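Peer 1:
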Amino acid sequence: DTAVSQTPKYLVTQMGNDKSIKCEQNLGHDTMYWYKQDSKKFLKIMFSYNNKELIINETVPNRFSPKSPDKAHLNLHINSLELGDSAVYFCASSQDGRGRSTEAFFGQGTRLTVV
Amino acid sequence: GNSVTQMEGPVTLSEEAFLTINCTYTATGYPSLFWYVQYPGEGLQLLLKATKADDKGSNKGFEATYRKETTSFHLEKGSVQVSDSAVYFCALIPREGYNKLIFGAGTRLAVHP
């Protein structure tokens, strides 16, 4: 049973399109995250939700909008896709949003390619 | 601000060689420190962690010690295997605020038979 699962695994789309990535965790965790990994493998947090409440919102274009219908799901919707949005997007979850030693569990990633 | 600096890769070793991947950090106060590993085509997995000065994290033969005097958290393994080939990320969670992992740039390790 996959702990953190993302769909789709690969996404190829044209500039200007709108797309969504879905994430689900079955670990019973309270906190979920979106991270972006660029072509050089650099990872940076985008958003974090705790019990459906947005708690971290890094400097991300407004075209990116996370949505958490319940604490087990965190989706990422991207409007008007640009070439620079091409990256691997990782969903992650952790038991809570403040425990300093809390392990984060990552999904397998969604490779988004904008052409 | 908070940041993590790792040695650039790739690191190429023969099987059974000794591994060191350097990691230093900048942070306010005392962050928690982590090493995550990413195998090809997979997400990140926690390898080990340390939450206070002089703590040693260890797992699968890997070790790292939280050194506040040098603000370092170097990853070591005495004898690497081909199966250790992966990208290794050093990361911290700042002392203040909500949890967010701040990652280094990652170091690719390639181990040859």
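Those protein sequences? They're chains L and P, same order as listed. Numbering follows our numbering, with no gaps: position 10 of the first sequence is 10. Numbering follows our numbering, with no gaps: position 64 of the second sequence is 179. In this text, a Cβ means the ideal position worked out from N, Cα and C, and glycines have one as well. Quantities reported herein were computed from a predicted structural model and do not represent experimental measurements.
Is Gln52/L close to chain P, meaning its C-beta is less than 8 Å from at least one C-beta of that chain?
Peer 2: The residue asked about is misnamed: residue 52/L is Lys in this sequence, not Gln. Judged by the 8 Å Cβ criterion, Lys52/L is not in contact with chain P.
Peer 1: Between the alpha carbons of Thr186/P and Ala132/P, how many angstroms are there, rounded?
Peer 2: Approximately 26 Å, taken between the alpha carbons.
Peer 1: Using 8 Å as the threshold, is the C-beta distance between Asp30/L and Asp85/L below it?
Peer 2: No; because the gap between Cβ atoms is not below 8 Å, this pair is not in contact.
Peer 1: Could you say which of Asp18/L, Met32/L and Leu11/L lies nearest to Lys52/L if we only look at CA atoms?
Peer 2: Lys52/L has its Cα closest to that of Met32/L, out of Asp18/L, Met32/L and Leu11/L.
Peer 1: If I follow the unbroken beta strand (DSSP E) through Phe133/P, where does it start and stop?
Peer 2: Run containing Phe133/P: none; DSSP gives neither H nor E here.
Peer 1: Is the Cβ of Ala104/L closer than 8 Å to any Cβ of chain P?
Peer 2: It does; some Cβ of chain P falls within 8 Å.
Peer 1: Against chain L, does Val226/P count as a neighbour if the rule is that its beta carbon must be under 8 Å from one of theirs?
Peer 2: So no, Val226/P is outside the interface.
Peer 1: Below 7 Å on C-beta distance, what does Val126/P contact in chain L?
Peer 2: The contacting residues do not exist; Val126/P stays about 14 Å from chain L at best.
Peer 1: Is the separation between the beta-carbon of Glu142/P and that of Ala165/P shorter than 8 Å?
Peer 2: Rather than Glu, the amino acid found at residue 142/P in this sequence is Ala. No, Cβ-Cβ distance for Ala142/P and Ala165/P is not below 8 Å.
Peer 1: Between the stretch 30-49 of chain L and chain P, which residues of the former have a C-beta closer than 8 Å to a C-beta of the latter?
Peer 2: The residues in question are Thr31, Tyr33, Tyr35, Lys40, Lys41, Phe42, Leu43, Lys44, Ile45 and Ser48.
Peer 1: So does the stretch 73-85 of chain L actually touch the stretch 146-163 of chain P, counting three or more Cβ pairs closer than 8 Å?
Peer 2: Verdict: no, contact absent.
Peer 1: Compare the C-beta of Tyr154/P against all C-beta atoms of chain L and say whether one is closer than 8 Å.
Peer 2: Cβ-Cβ to chain L under 8 Å: no for Tyr154/P.
Peer 1: Helix, strand or coil: how does DSSP classify Ser5/L here?
Peer 2: Strand.
Peer 1: Taking 6 Å as the limit between beta carbons, can you name the residues of its chain near Asp18/L, skipping five residues before and five after?
Peer 2: Taken in chain order, the residues that qualify are Asn79.
Peer 1: May I ask you to verify whether the stretch 197-208 of chain P touches the stretch 220-228 of chain P, counting CB pairs closer than 8 Å and requiring at least 3?
Peer 2: They touch, by the three-pair rule.
Peer 1: Of all the options Thr2/L, Asp38/L, Gly109/L and Gln25/L, which has the alpha carbon lying nearest to the alpha carbon of Tyr49/L?
Peer 2: Out of Thr2/L, Asp38/L, Gly109/L and Gln25/L, Gln25/L has the C-alpha closest to the C-alpha of Tyr49/L.
Peer 1: So, is Asn62/L buried or exposed, given that buried needs 16 or more other C-beta atoms within 10 angstroms?
Peer 2: Classification of Asn62/L: exposed, given that the 10 Å Cβ count is below 16.
Peer 1: Cβ atoms of Ser5/L and Gly109/L: under 8 Å apart, would you say?
Peer 2: It is not a contact, given that the beta carbons lie outside the stated cut-off.
Peer 1: Would a C-beta distance cut-off of 8 Å place Leu163/P and Gly176/P closer than the cut-off?
Peer 2: Their beta carbons are not under 8 Å apart, which means Leu163/P does not touch Gly176/P by this criterion.
Peer 1: For Met46/L, which option in Arg111/L, Val114/L and Phe64/L has the closest C-alpha, if you only look at C-alpha atoms?
Peer 2: Comparing Cα-Cα distances from Met46/L to each of Arg111/L, Val114/L and Phe64/L, the minimum goes to Phe64/L.
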